[in-house]
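Its first residue numbered 43, the sequence shown is counted upward by one per residue in our numbering.
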Amino acid sequence: MACWLDHRCYQHGNPPSHFDTTFCPIVGSCRMSADTAIKTIAALLERDRIAQAKERLAEALREYPDDVTLQLQAAWAEYYDDNEPAAWAALQPVLAAEPDNPSARNLLFQLYLEEGDFAEAETVIIDLLNDYPEESVFYGFYAILMLKTMNIAKAQALAVEGLKYDPDDRGCLYSLSLTGLIEGKSDVSNTALEELVASDPDAIQTLILIFQNLNDRGENRAAYRVVQQLVRLQPDNEEIIEMAASLKASAHWTMLPLWPLQKFGWVASITLWVAAFVGLRALSQVDRPLAGILSICVLIYVAYSWIWPTLLRRIILRS
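The structure is reproduced here in structure tokens:
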């Protein structure tokens, strides 16, 4: 779950703002007879007491089965509990009853994002921004989506635009910090980024996804900056340490002969084998001794490409 909305909805000691009552999954219009139940469940969700909230929701929905606010709270509770299928099921009657409900549409966006259906997620968030063009939180959501799709320039522009409406919006600040990190800007504050990520552990997965995309695209410098930040954030995470070691190994000078294979993958491997087979066979008809020497060189290169990268990663991990 990566929902910066939590931090906008739950502001201790402050009266609910227009944004809170409109967008927050735990607050909204309701019948007075269900008001107490909704407030109690809201307090439980605010404190991350999801199991208790779901128990109270079950009781409240037995008494008020048609209350849309309770149904919406139930959908958010399932989402917070990392039960996306149940969240989808709970959300459907809410969308059927109130298709323009911004909190329900926000949850729909989050669910599409979790599923990796970025096209549908973008459609939902664009509609929300059209309806609420001054709500910074939606700019932050859209910027995070663009980061996941590696549209760095658009993510940065969205974050900057959102900060015009709220200079403290966490989603926009997070996105802007990440785009600066990818681009290697010297004014990016590592401490600020660490604080933002600490407030939402799932943001680590966004960083990992960005690293993998950068690595796959061969943008090693940007990938290295991201993985360095990941190591700072989670120095005991073996998966992250392995990623950092793999990237460091791929940039080592002893890996230069393998650059074509690293850059083009299986295409380069197949091309190498075909070229070696055809070339050596043709050469053997002209100069058999030279063909034999080159055959040995090809075999050495193949063995080197299989053995050395793994061995180098192990050396780096131990160092």
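All residues carry an ideal CB built from backbone N, CA and C; glycine is no exception. Fair warning: this is a prediction, and the values are worked out from it, not measured in the lab.
Q. Are at least three pairs of beta-carbons, each pair with one atom in the segment 297-304 and one in the segment 264-273, less than 8 Å apart?
A. no
Q: Pull up the CB-CB distance for phenylalanine 160 and leucine 187, whole angstroms please, since I reckon it's below 8 Å.
A: Locating residue 160 in the sequence shown gives position 118, where the first residue counts as 1. Locating residue 187 in the sequence shown gives position 145, where the first residue counts as 1. With a Cβ gap of about 6 Å, phenylalanine 160 and leucine 187 count as contacting.
**Q.** Segment limits, alpha helix (DSSP H) that includes tryptophan 295
**A.** For this step, residue 295 is matched to residue 253 along the sequence shown. Careful: tryptophan 295 lies outside any alpha helix (DSSP H) and carries neither H nor E.
**Q.** Where the alpha helix (DSSP H) through glutamine 270 begins and ends
**A.** Here the question's residue 270 lines up with position 228 in the sequence shown. Residues 262-275.
Q: Return helix, strand or coil for glutamate 177, following the three-state DSSP convention.
A: Here residue 177 corresponds to residue number 135 of the sequence shown, with the count starting at 1. If DSSP states are grouped into helix, strand and coil, glutamate 177 belongs with coil.
Q.
Comparing C-alpha positions only, which one of Ala197, Tyr181, Leu220 sits nearest to proline 209?
A. Numbered from 1 along the sequence shown, position 167 holds the residue referred to as residue 209. Comparing Cα positions, the closest option is Tyr181.
Q: Find the nearest neighbour of alanine 291 within the set Leu332, Ile357, Val328, Arg323, judged by alpha-carbon distance.
A: Indexing the sequence shown from 1 puts residue 291 at position 249. The shortest Cα separation from alanine 291 among Leu332, Ile357, Val328, Arg323 belongs to Ile357.
(Q) Pairs of beta-carbons, one from the segment 214-225 and one from the segment 279-290, closer than 8 Å: are there three or more? (A) no
Q) Which value, in whole angstroms, describes the spacing of the CA atoms of tyrosine 343 and arginine 89? A) As a working note, residue 343 is residue 301 in the sequence shown. As a working note, residue 89 is residue 47 in the sequence shown. Spanning the two alpha carbons is a distance of roughly 59 Å.
**Q.** Per-residue burial, leucine 153 [other beta carbons within 10 Å of its own, 16 or more giving buried]
**A.** Residue 153 sits at position 111 when you count from the first residue of the sequence shown. Flag for leucine 153 reads buried.
**Q.** Given aspartate 124 as reference, the closest of Gln134, Glu105, Glu157 once Cα atoms are compared
**A.** As a working mapping, residue 124 is identified with position 82 in the sequence shown. Measuring from the Cα of aspartate 124, the nearest candidate turns out to be Glu157.
Q. Rounded to the nearest angstrom, how far is the Cβ of serine 178 from that of leucine 205, given a contact under 8 Å?
A. Counting from 1 along the sequence shown, the entry for residue 178 is found at position 136. Counting from 1 along the sequence shown, the entry for residue 205 is found at position 163. The Cβ separation is near 7 Å, so the contact holds.
(Q) Considering only their Cβ atoms, is the gap separating isoleucine 92 from leucine 112 smaller than 8 Å? (A) Stepping through the sequence shown from its first residue, residue 112 is reached at position 70. Stepping through the sequence shown from its first residue, residue 92 is reached at position 50. Not in contact: leucine 112 and isoleucine 92 (Cβ atoms no closer than 8 Å).
Q: Assign asparagine 148 to buried or exposed, taking buried as 16 or more other Cβ atoms, counted over all protein chains shown, within 10 Å of its Cβ.
A: Numbered from 1 along the sequence shown, position 106 holds the residue referred to as residue 148. That one is buried.
**Q.** Proximity below 8 Å, CB of tyrosine 121 to CB of alanine 129
**A.** As a first step, residue 121 is located in the sequence shown; it is residue number 79 there, counting from the start. As a first step, residue 129 is located in the sequence shown; it is residue number 87 there, counting from the start. With contacts defined by Cβ atoms closer than 8 Å, tyrosine 121 and alanine 129 form a contacting pair.
Q | Supposed close pair isoleucine 83, arginine 104 - CB separation, criterion 8 Å | A | Within the sequence shown, residue 83 is the residue found at index 41, counting from 1. Within the sequence shown, residue 104 is the residue found at index 62, counting from 1. Their Cβ separation, rounded to whole angstroms, is 14 Å, which puts isoleucine 83 and arginine 104 out of contact at 8 Å.
Q.
Tell me which residues share the same chain as lysine 196 and place their Cβ nearer than 7 Å to its Cβ, disregarding the 5 neighbours each side in the sequence.
A. In the sequence shown, residue 196 corresponds to position 154, counting from 1. Closer than 7 Å at the Cβ level, and outside the excluded window around lysine 196, lie Met188.
Q: Mind listing, in chain order, the continuous beta strand (DSSP E) runs of no fewer than 3 residues lying wholly within the segment 63-150?
A: none
Q | Span separating the alpha-carbon of isoleucine 335 from that of phenylalanine 253 | A | Taking the sequence shown and counting its residues from 1, one reaches residue 335 at position 293. Taking the sequence shown and counting its residues from 1, one reaches residue 253 at position 211. When rounded, the distance between both Cα atoms is 41 Å.
Q: Mind checking which residues open and close the alpha helix (DSSP H) that includes threonine 248?
A: Numbered from 1 along the sequence shown, position 206 holds the residue referred to as residue 248. That run of the alpha helix (DSSP H) goes 245-258.
Q) Leaving out the 5 sequence neighbours to the left and right, which residues in its chain are closer than 7 Å to glutamine 94 when beta-carbon positions are compared? A) Along the sequence shown, one-based indexing puts residue 94 at 52. These residues qualify, in order along the chain: Leu86.
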